[in-house]
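Novice: Starting off with a structure, shown below.
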Amino acid sequence: MKTREIDDFHHSWSQHDVFNVIEELSTTPEPWSFENFVSLLLFRPALIPISLTARLEHNYADEACLMFNTFAIVGLHLLQSAAASLCSIANSGSS
2 MKTREIDDFH HSWSQHDVFN VIEELSTTPE PWSFENFVSL LLFRPALIPI SLTARLEHNY
62 ADEACLMFNT FAIVGLHLLQ SAAASLCSIA NSGSS
């Protein structure tokens, strides 16, 4: 991921840099709910392996497991919401 050019000075952010910024923003000044943090990561799937690996490397296996389960739960809710919206659109179009 690269930022846009500003005054002929290039800033290049790696996925790890972006992940670290998200980690900081989601824990300071008050931690976000875990579901909100996971939902944000679902919008940037390339950060998911980085997040899981960081937790496993720093002996937070329980948090990595919780994150994995939360991905499944939040992802299921997103799919159900999208399916319900599509069904209502399809039903209103066929009437």
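Going by the numbering used here, the first residue of the sequence shown is number 2, and it counts up by one from there. Every residue gets a Cβ at the ideal spot worked out from N, C-alpha and C, and that includes glycine.
#1: Ala-55 lies in the alpha helix (DSSP H); which residues open and close that run?
#2: What's the C-alpha gap between Trp-33 and Glu-25?
#3: For Ser-52, count the other beta carbons within 10 Å of its own beta carbon; 16 or more makes it buried, fewer makes it exposed. Which is it?
#4: Quick check on the burial criterion: 16 or more other C-beta atoms within 10 angstroms. Buried or exposed for Leu-48?
#5: What number of angstroms, rounded off, separates the C-alpha of Glu-64 from the C-alpha of Val-19?
#6: Quick one: Cα of Leu-80 to Cα of Asn-92, how far?
#7: Looking only at C-alpha atoms, which of Gly-94, Ala-83, Gly-76 sits nearest to Phe-133?
#8: Would you call Phe-38 buried or exposed, if buried means 16 or more other Cβ atoms sit within 10 Å of its Cβ?
Specialist: Short version:
#1: For Ala-55, the enclosing alpha helix (DSSP H) stretches over residues 48 to 58.
#2: 11 Å
#3: Looking at its Cβ environment, which holds 16 or more other Cβ atoms inside 10 Å, Ser-52 is buried.
#4: buried
#5: 20 Å
#6: Distance between the alpha carbons of Leu-80 and Asn-92: 18 Å.
#7: Since the first residue of the chain shown is 2 and the last is 96, residue 133 is not available in this structure.
#8: buried
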